[in-house]
Amino acid sequence: MTVLPDAVRDADSVLVTGPPMSGKYDLFNRLLAAWSTGPVVISTGRTAEKVREDYEAITGEDGDDVVVIDCVTHEQGDKRDDTPTTKYVASAGNLTDIGIKFTDVVESSAGRDRAVGVYSLSQLLMYWDADRIYQFTRVMTSQTSGQGWPFAGVVNSTAHDEQIVHTLHEPFDVIVETRVEGDDREFRVRGRVGQPSDWIAF
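Mapping of the sequence shown onto this note's numbering: residues 2 to 203, in sequence order.
Encoded structure:
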């Protein structure tokens, strides 16, 4: 497993951006595992069971320790009740409920060092315009920062025009860009100022 650079692991907030199949989801999971033994995943496209299964497969860590805000299961017609580690939202388009469930997680996590990730912001952009998702992201980074919890988001760079992607960069301290080069997946790190790092295969 590629060791994530200190600039990424030490950041308060990281946006992972790149085209499909370029390793964004892998880096997202690795980053959460590097940050916390009990991360929180706001999942817009995968059930809680799938999130935990993927987390274990990618990181080798225990998926039972992952708290999931699941925006999929209820939309599929499976109306389960919340548990201490899984909170259900009617759909990924319901930002208000996502916020309420996240507040529930914060209140029940006193004394825990967590990290928070949203996979993915692109799915939220299917329901809302870029300004609304920008505001949602600003609120999330503020809330997580207030808890001392790092925050990660993911966006598909080819699913939206360049201006939308750049709008979403702004709330984040560090941008991790991914690409496919030949048979390799690569990433580089871009801060708020200065030049990006070299591309690193992973």
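C-beta: ideal position from N, C-alpha, C; glycine also.
List the whole-angstrom C-beta distance separating residue 41 from residue 71, where the pair is believed to meet the contact cut-off of C-beta under 8 angstroms.
-> Actually they do not touch by this definition, with Cβ atoms about 12 angstroms apart.
Note down the Cα distance separating residue 132 from residue 177, rounded to an integer number of angstroms.
-> 21 angstroms
Opening and closing residue of the beta strand (DSSP E) in which residue 118 lies | 117 to 120
Measure how close the beta-carbons of residue 120 and residue 29 come, nearest whole angstrom, since I'm counting them as under 8 angstroms.
-> 6 angstroms
Are there 16 or more other CB atoms within 10 angstroms of the CB of residue 194, so buried, or fewer, so exposed?
-> exposed
For residue 185, the residue or residues it bridges with in DSSP | 182
Tell me whether the beta-carbon of residue 19 lies closer than 7 angstroms to the beta-carbon of residue 158.
-> yes
Roughly how many whole angstroms lie between the Cα atoms of residue 107 and residue 183?
-> 42 angstroms
Kindly indicate which residue of 156, 174, 101 and 52 has the alpha-carbon position closest to the one of residue 166.
-> 156
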